Structures are given as structure tokens and as C-alpha cells.
Amino acid sequence: MDKSLIRNFCIIAHIDHGKSTLADRLLLKTGAISQREFHDQMLDGMDLERERGITIKAKAVRLLHRDDDDKEYVLNLIDTPGHVDFTYEVSKALAACEGALLVVDAAQGVEAQTVANLYLAREHGLKIIPVINKIDLPSAEPDRIRQQLKDTLHISGMEPIMASAKTGIGVDEIMHSIVELVPPPKGEQDNPLQALIFDSAFDTFRGVVVYIRVKNGAIRKGMKIKMMGTGRVYDVEEAGIFKPAPTAIDELGCGEVGYITCNIKDPKDINVGDTVTDFRRPAADALPGYKKVRPLVFCGLYPVNAKDFPFLRDALEKLELSDSSFIYEVESSVSFGFGFRCGFLGLLHMEIIQERLEREYGLNLIATTPSVVYKVKKKGGQVVEIENPSKLPAPQEIEHIEEPYIRGFIISPADALGSVMQLCQERRGIYKSTEYLDQTRAMLIYEFPLSEIIVDFYDKIKSMTRGYGSLDYEFKEYVISDLVKLDILINGKPCDALSFIVHKDSAYTKGNQLVTKLRELIPRQLFEVALQAAIGSKIIARETVRPVGKNVTAKCYGGDITRKRKLWEKQKEGKRRMKQFGKVEIPQEAFMAILKI
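With our numbering applied, the sequence shown covers 282 to 878.
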């Protein structure tokens, strides 16, 4: 194929600015799908994506477009997520493209993720085509947004395209701009094969399906290939493209995006970012690949039924294949037995992974309290990283504890700035600057401890700003803080899964709030349950779950009172023994309660 007729581009935007709807419109316009086959969010294959109305996985699709001169162009489109937790998916897609459509909502304007995704695209040297979407909305202000793009994002080289993905306005102009402005791919068909693995998935019948972008050379069915990172050698069983359904072809040429299968059964054999080359005529160097991503939030995932542990391990292996920003390792808990300590990019990412495991693999799971990674410097000078609060060394061994800080960018309407700033102060935020984007909106820059914002901070920003606020953040550094481990004791026994690390100043308040909340959530037993919050050996809060009463004297009518006393004493003794050996069931809501405090 003539690579001058290939255009590789992606769609980037803040969440809910119309990326998937625009992708749908492009699919219909180019005839990739018929009106009969069409449904909304065509490229969002997961039930979860359609239910929540968000894109979780980046999706590739090949479109054919014939221009006015009757030339047929091949357009490889990658639709990307917009949520801050899935930024890694965006960066992977950008590495496989030469251009990007930057979509901005005509009513809401530039948001935090618009800025973050634009910077990512510029880092990759992509040609940016600005699109102001949803101009058909009654609240649309395209002129104001056009000015915002110039002032805030410094996009002044070209006039933004006015469009409505829903009604089809501006779609012809977008197609024309992609063909005219996005450069064709570099590289040569005759060079040794270099193909970048930008994603992968697991198929029960074909094994691992490897998604690639060919940078040099060509890859065809029956060819012997080598993974430059692992050194493994395979025979290509099938090469294909996405139309959007996977379609086998004879050869993927230079500049093309598609997939290969090689009967790879073990998901661990494939690394995203690795380079595929020809075994007989290998390339001299591997492609740069991707920067290794660092998970920011950790939690334990345990099967409710201990027999499901091997199934959970298999499911995590397959899931890691399609989501390389997710990591896990085996751990054991006194309360739950064997499970996995898992690392995520944020709380939504954690929620999506847990839901995918339960839906796609039929598992019943308990997730422990999310925590961040702390660095502990011991008295001897040794520095250890703590992902699990239960592994924190004894207080007498610790010299100091460091916690991760992030730089947060909050975009808020001007009339909500006061309440947003107050929330930031409550979350131990350090104010840095305020920058007005226009007369009605401003961007606040704060530095926060990551542990203070991973839970409900974004939700609170949204409610305070009537849905117009947005948040983006980047990791900054580790800072020394006065932190302690708060343990929860149930009938005198520590529940390691409920332990968490907290700032000393708020430990008493949080301990009290938590045991009060647990008293409501833990079901009443036949014996009394004592709930205590403790720092080391010091108890700082206590609540009691009263026992369920059973009327053991209901059968006694009349007669001597000693008969009743005898039964009451017998009941009291039984409850004492139960308390000694009884096990208290802890519902999943108890772990979620910690998040809300």
C-alpha cells in the first residue's frame, strides 16, 4: 500500500466532550458500518463502557475515505478515554499516531483533561486539529470557546472546526482536515521490520491477540518474528485490521495499524511497548516503547470463597494483558486468607477492574481499603516502600514516613472558587496559584497529599461547581509527614484489612467516625461485639454492637423465679463462650465506609 495515502490519528478530549459520538459519526460517514448495524458508542465494546457512558479502553478502527480527486485514503482512527485514571491508554494511542483531533465542548469549554491530553499530544509531536463540538446545544458559546483555545491552549495556527457529532455538522470539514493536515507515516517498506505493540487482548481460541503499529517494513502471515524485548520467536498465524470487526488480510505494510496472532497461550509472554521484528532480517534497534507507569493507589482483592483463588489468579493474568497500567502480587491476610495486592492509577480504575473481574470472570470479591505507597525510613537508614498498612514497621523502628504529593489543576467557575479553595485547605492542600481562563472560569493550582484526594475529592468538586469543575493531577514528589497507623480491633483482635495510615492530627476524629460507622454496618451477633480504634497499644475510640436478644424464658410460665435465673445464667455463659470463639462477618460496606470518612 502507498503510505502517502495512510493517515493515523486519534481523538482526544476531556470526559464527556463527545469523542465516542464523533467516532460513531466518522464510521457512518466512511461506510465502515451500515445504518442497520449502527448503535451508539460503536467502538465501546464493554457493557461497562456503554452503561457508564465512558470509554475505558482505546479502540482502533480502519476507515476508507475517497476525496474530491477520487483518491482513496486509509484512515486509522484510535478512540481514546477522557478520564484522568486512563491517561496511560491515551499515551499508548498517541505513540501509534501522527495527528490528533482535539475535541472541546462548545458549552463547557477547556477542561483539566483537555489541557493534559493536549500537552501529551504535543510531547509526541502530533499535528493538532482543534474541533469545537456540540455547537447545536442551546447553551453553546462557540465564539467564547474559540477565544479560550487561543488564550489558554495557545492554538492560533488554525481556525477550530465548528461541529456537532450528534447531527453531523462539520464532519466533511473534519475528514478534509485529516487528509490535508495529518502527515503520512514515516518509515520505509523495504527496511527491516519494526512494529510497536501498543495493546493486546486474550482470545480463548486464538490465544493472545497483539495490536501493533508497523513503523518500518511489513508483517505477513507465515512470517517468523522475534520480540526484541523478550527474545521470544513466533510464527505469525494471522495478520489483520479492525473494520471495526477484526478482519484477516495477507500483509500489514509500513505505517499501518492492525493485529497479529501467533498462538501465544501465556499472557505474560507479551509486553506492551515491545518491538516486533523479522527473525531472519532483524532491525538494529528497538523502538523507544513506553515509559513505565507507576500505580498510585493500592488495595487488596480477595475471593469470598478461598477455592476461587486459582481462578482469580488466571483472571488477573488475562486482565493485565489488556491493561498494562494495572499490577498485582500475591499477599495473605489474617482475616481473608490468600489474595492479591493490586496497584491502580486511581479509584475509578480500581472500581472498573473489580467490576470487570466480577462480570467477565464470574468471581465474588472483597476489596480492602485503598491506600497509597508510603516511604518509611528506618532508624538504621534503610528505606522501605509500604503499599499495605499492615506491613508498617513498629513506631520505635521508624525515623520518619514520607507520603506522595501531587500537583493538582482544578478548573472551576469563578462563583464557586471560595468553596473549592476551602475544600482544598481541608484536604491539606498547599496553595500555589490562580489563573483566570476567562471572565467566568479560573484554574487553581494546589499541591496535595495523594491520600487526601483519591477517594471523593473529584465528586465533591463536581457537586460544588454544579458539574462544571474538573480536576487533573500529576505526581510531584515524596514529602516527610507526621503519619500514624490506625488499627481497628474487633473483639480485641486487629482486623488487618481495615487498618489504614492517617495524619496524626486527624487520627482521633477519623477513629471515632469509623467505629461509629462500623457499629451501624456490622450485623448484630448472638454475643456482644466490641469495636475499637487504636494507635499502637493506645485505644482512642470504642463502640459496642449490642447482642441479638433471644427470649430463653418464653417457655416458662408461672413457677419459681429460680427456673428463669438458671436459664439466664446458662445463656450468659453460652454467649461468653461464643464471644471467645465466634467469628464476626464483615460486610463489603464496612471497607467502603473507610473511604467515605
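C-beta atoms are modelled at their ideal positions from N, C-alpha and C, and glycine is treated no differently. Keep in mind that this is a model prediction, so the values were computed, not measured.
- Item | Residue of E518, L474, Y571 minimising C-alpha distance to F486 | Residue E518 is the option with its Cα nearest to F486.
- Message: Can you give me the C-alpha to C-alpha distance between Q706 and A341, rounded to a whole angstrom?
- Response: One C-alpha to the other measures close to 42 Å.
- Query: Between the C-alpha atoms of G510 and I500, what's the straight-line distance to the nearest angstrom?
  - Reply: Rounded to the nearest whole angstrom, the C-alpha separation of G510 and I500 is 18 Å.
- Query: Bridge partners of S445, per DSSP?
  - Reply: I450.
- Message: Quick check: the Cα distance between D589 and N772, rounded to an integer number of angstroms?
- Response: Near 29 Å, if we compare the C-alpha coordinates of N772 and D589.
- Query: What's the call for M439, buried or exposed, on a 16-neighbour Cβ count within 10 Å?
  - Reply: By the neighbour-count rule (16 or more Cβ atoms within 10 Å), M439 is not buried but exposed.
- K524 to K507, Cα distance in whole Å? The alpha-carbon of K524 is positioned some 27 Å away from that of K507.
- Straight-line gap, V490 to A388 (C-alpha atoms, nearest Å): Rounded to the nearest angstrom, the gap between the Cα atoms of V490 and A388 is 40 Å.
- Message: Going by C-alpha to C-alpha distance, which of A476, Y754, G521 sits closest to A565?
- Response: That would be A476, whose Cα lies nearest to the Cα of A565.
- Close beta carbons around E931, own chain, < 6 Å, minus the five adjacent residues each side: Residue numbering for the chain in the displayed model covers 282 to 878; residue 931 lies beyond these limits and cannot be assessed.
- Query: If you check the beta carbons only, do L626 and V553 fall under 9 Å apart?
  - Reply: Contact check for L626 against V553 fails: the beta carbons are separated by 9 Å or more.
- Query: Start and end of the beta strand (DSSP E) containing C623?
  - Reply: Here the beta strand (DSSP E) through C623 covers 618-625.
- Task: Kindly indicate the opening and closing residues of the alpha helix (DSSP H) around R800.
- Result: Looking at the DSSP string, the run of the alpha helix (DSSP H) that includes R800 is 785-802.
- Simplified DSSP state of H457, which is helix, strand or coil: H457: helix per DSSP, three-state reduction.
- Just how far apart, CA to CA, sit T746 and E733? Each residue's Cα considered, the two are about 19 Å apart.
- Taking the beta strand (DSSP E) that P527 falls in, what are its first and last residues? Per DSSP, P527 belongs to the beta strand (DSSP E) from 527-530.
- Kindly indicate which three-state DSSP category D417 falls into: helix, strand or coil? Residue state, collapsed to three classes: coil.
- Bounding residues of the alpha helix (DSSP H) (the contiguous stretch that carries D424): Annotation for D424: the continuous alpha helix (DSSP H) segment containing it runs 423-433.
- Query: Quick one: what's got a C-beta closer than 8 Å to C837's C-beta in the same chain, skipping five residues either side?
  - Reply: These residues qualify, in order along the chain: R844, K845, L848.
- Message: Please return the same chain residues whose Cβ sits closer than 7 Å to the Cβ of S605, not counting the five positions on each side in sequence.
- Response: Here the set comprises V553.
- Task: Quickly, what does DSSP pair S818 with across the bridge? List them, please.
- Result: Residue pairing by DSSP leaves S818 without any beta bridge partner.
- Per DSSP, which residues does M631 bridge with? Please list them. M631 pairs with nothing; no bridge assigned.
- Alpha carbon to alpha carbon, how far is P730 from Q677? Give it in angstroms, no decimals. Rounded to whole angstroms, Q677 to P730 spans 24 Å at the Cα level.
- Message: Is S780 near the ligand GDP - that is, is its Cβ less than 8 Å away from at least one heavy atom of it?
- Response: Of the ligands one can find in the structure shown there are none, so the ligand GDP has no counterpart to examine.
- Query: Using 8 Å as the threshold, is the segment 687-694 in touch with the segment 761-778, meaning 3 or more CB pairs across them?
  - Reply: Not touching, per the Cβ criterion.
- Assigned exposure category for A587 - 16 Cβ within 10 Å defines buried: In the assembly as shown, A587 is an exposed residue. Its beta-carbon has fewer than 16 other beta-carbons within 10 Å.
- What whole-angstrom Cβ distance do D484 and K447 have, given they're in contact under 8 Å? Incorrect: roughly 34 Å between the Cβ atoms, too far for contact.
- Nearest residue (CA-CA) to Y754, options I296, A397, Y354, N832: Nearest neighbour of Y754 by Cα position, chosen from I296, A397, Y354, N832, turns out to be A397.
- Message: By alpha-carbon positions, which one of K660, L434, L597 ends up nearest to L383?
- Response: It is L434 whose Cα lies nearest to the Cα of L383.
- Over what stretch of residues does the beta strand (DSSP E) that includes E716 continue unbroken? Per DSSP, E716 belongs to the beta strand (DSSP E) from 711-717.
- Query: What is the residue span of the alpha helix (DSSP H) that V701 lies within?
  - Reply: For V701, the enclosing alpha helix (DSSP H) has its first and last residue at 698-707.
- Item | Where K656 falls: helix, strand or coil (DSSP) | Three-state result, K656: strand.
- According to DSSP, what are the bridge partners of P411? DSSP output for P411 lists L383 as bridge partner(s).
- Can you find at least 3 beta carbon pairs, one from the segment 288-305 and one from the segment 445-461, that sit closer than 8 Å? Counting Cβ pairs under 8 Å, three or more are found: they touch.
- How many angstroms separate the CA atom of Q428 from the CA atom of P411? Taking the straight line from one Cα to the other gives about 12 Å.
- Task: Under the assumption that V538 contacts A377 (Cβ atoms under 8 Å), give the Cβ distance between them as a whole number of angstroms.
- Result: A Cβ-Cβ separation of about 6 Å places V538 in contact with A377 under the 8 Å criterion.
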